[in-house]
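Heads up: the sequence shown at position 269 corresponds to 269 in the numbering used here, and the numbers run straight through without jumps.
Worksheet: the structure to be examined is printed underneath.
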Amino acid sequence: MTVPNGRRLAATDDIGVTSAEQWRGAITAPSIAIGPGRLVVVAPHPDDEVLGLGATMAARSSRKAPDLFSGRGPGETGATDTSTHDPSDVVVCVSDGAASHPGEVAPEEMRGRRKAECEAGAREVGIDLRMLGLPDGGLSADAVDAALHPVLDELAPTTVAVTWSGDGHPDHHVCAESVRRWWRDARARGRGGNGDAAGDGGGDGDGGGDGDGDGDVTLLEFPVWMWHWASPGDADVPWERLRRVAADDRAFDHKRRALAAHASQLEPQSSAPDATVILPPAVVERFFLGAEWVFA
1 MTVPNGRRLA
11 ATDDIGVTSA
21 EQWRGAITAP
31 SIAIGPGRLV
41 VVAPHPDDEV
51 LGLGATMAAR
61 SSRKAPDLFS
71 GRGPGETGAT
81 DTSTHDPSDV
91 VVCVSDGAAS
101 HPGEVAPEEM
111 RGRRKAECEA
121 GAREVGIDLR
131 MLGLPDGGLS
141 ADAVDAALHP
151 VLDELAPTTV
161 AVTWSGDGHP
171 DHHVCAESVR
181 RWWRDARARG
191 RGGNGDAAGD
201 GGGDGDGGGD
211 GDGDGDVTLL
221 EFPVWMWHWA
231 SPGDADVPWE
241 RLRRVAADDR
251 AFDHKRRALA
261 AHASQLEPQS
271 SAPDATVILP
281 PAVVERFFLG
291 AEWVFA
């Protein structure tokens, strides 16, 4: 399988190419509003949903259930306002995340850690969670389609968001392509919306983030590792389709706390001097650029 920009990601060191400060000074895009109805965020691994759209999910949860975050401390669960007719948003986590620290933490142990982390992060941003539990580190198109498509059919999202196909990570690519196949099938059944959101490999596509009418499904893709290997104006990034999703400081506070729940990705998991830290501080800060970002 050829992964768009896979070589770019593989060739980038742990710190990355462009700092958060540099991105803040350079990144700009038209704004987009994710409409009412159910947003389903498809995350290849536990934490991708928080990195990409954590503040957006928190802001939407606060609007849908105004008492959700009021009068409670970080991580505590509030009561949902069942009078709303807007269905709750859902994260669908595809893999179990067990392969994040090979040789340092046994997969069965990491599987349990990451499940608990994903559940805690979901509570912090106030959304529902489905975990498909597919093996991490080698997702196949057939396996993802078989597990994911029935769930998307059941959830019937108005908007579905997934990692960008051109992000450089094979699991991100496989999940994006799977969601696109489901979306095209939904369009054939009368539920499609915004054109081919990212094209093959995230480069071509005819864009447009808003659906055309009742029953439409809008497809969005959010970058994760792109922020690590790319630079402003990078020719391998479809900047013309980048859109800015606004969120306030409170929503970003919830995002930061939700990300903190994923401690296995933020801290060494063994005493080895070269123990892996997947998301060191310089990487984390790229997900706090004053807004969140999608390709539409």
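Every residue, glycine too, gets a C-beta built ideally from N, C-alpha and C.
Top-ranked residue by Cα proximity to residue i, from the options
i, options, result
"P4", "P280, S165, A43 and A26", "S165"
"C93", "A65, E240 and L132", "L132"
"R181", "G25, H101 and A146", "A146"
"E102", "E117, S270, L289 and A188", "The question names Glu, yet the displayed sequence has Pro at residue 102. For P102, the nearest C-alpha among the options comes from S270."
"E21", "P281, F295, V294 and A296", "P281"
"P238", "P273, F295, S231 and M57", "F295"
"L39", "A156, S231 and D14", "A156"
"L297", "E109, A247 and P268", "No answer is possible for residue 297: it lies beyond the span of the chain, which begins at 1 and ends at 296."
"D188", "D216, R130, D167 and T163", "According to the sequence displayed, residue 188 carries Ala and not Asp. Among D216, R130, D167 and T163, the Cα nearest to that of A188 belongs to D216."
"E154", "V162, R130 and D167", "R130"
"T12", "L242, M226 and G233", "M226"
"M57", "G121, A29 and D167", "G121"
"C2", "D167, P232, T163 and S231", "In the sequence on display, residue 2 carries Thr and not Cys. Among D167, P232, T163 and S231, the Cα nearest to that of T2 is on D167."
Alpha-carbon spacing of residue i relative to residue j, whole angstroms
i, j, result
"E49", "R244", "16 Å"
"P87", "P44", "23 Å"
"P107", "I34", "36 Å"
"R72", "S61", "Residue placement at R72 is poorly supported in this model, since its pLDDT is 46, which falls under 50; the coordinates still yield a value, given next. Cα to Cα, the separation comes out at about 14 Å."
"S31", "R114", "33 Å"
"G16", "F287", "13 Å"
"G137", "A99", "6 Å"
"A260", "R250", "15 Å"
"D185", "I27", "34 Å"
"H169", "P36", "30 Å"
"H254", "E124", "6 Å"
"R257", "D236", "32 Å"
"G126", "T218", "22 Å"
"S19", "V277", "17 Å"
"L263", "H172", "A quick correction: the sequence has Ala, not Leu, at residue 263. So the two alpha carbons sit approximately 21 Å from each other."
"A116", "L266", "15 Å"
"E177", "T159", "16 Å"
"A141", "D14", "28 Å"
"L279", "A59", "24 Å"
"T82", "A272", "Note that T82 scores a pLDDT of 43, beneath 50, so its modelled location is shaky and nothing firm can be said."
"E240", "E109", "42 Å"
"R63", "G112", "32 Å"
"W183", "P268", "38 Å"
"G234", "P150", "The sequence as given places Asp at residue 234; Gly does not occur at that position. Whole-angstrom Cα-Cα distance: 36 Å."
"A29", "L242", "6 Å"
"E119", "G190", "34 Å"
"A275", "G6", "23 Å"
"T163", "F252", "19 Å"
"A10", "L139", "18 Å"
"S231", "A161", "23 Å"
"T80", "A143", "Confidence at T80 is low in this model, with a pLDDT of 42, below 50, so the placement of that residue is unreliable and no value is reported for it."
"A198", "L148", "Residue confidence is low: A198 scores 44 on pLDDT, short of 50, so the model does not pin down where it sits. No coordinate-derived value is stated."
According to DSSP, residues forming a beta bridge with residue i
i, result
"T56", "Note: T56 sits in no beta bridge, so no partner."
"V245", "E292"
"E221", "V162 and F295"
"V91", "V41 and L129"
Residue i and residue j closer than 8 Å at C-beta
i, j, result
"W229", "R24", "no"
"A55", "E221", "no"
"V90", "D128", "yes"
"P66", "G97", "no"
"C175", "V42", "yes"
"G52", "V224", "yes"
"L152", "S95", "no"
Complete runs of the beta strand (DSSP E) confined to the segment 108–152 [at least 3 residues]: 128–134
Start-end ranges of the alpha helix (DSSP H) lying completely within the segment 16–64, minimum 4 residues: Qualifying alpha helix (DSSP H) stretches, in chain order: 20–26 and 48–64.
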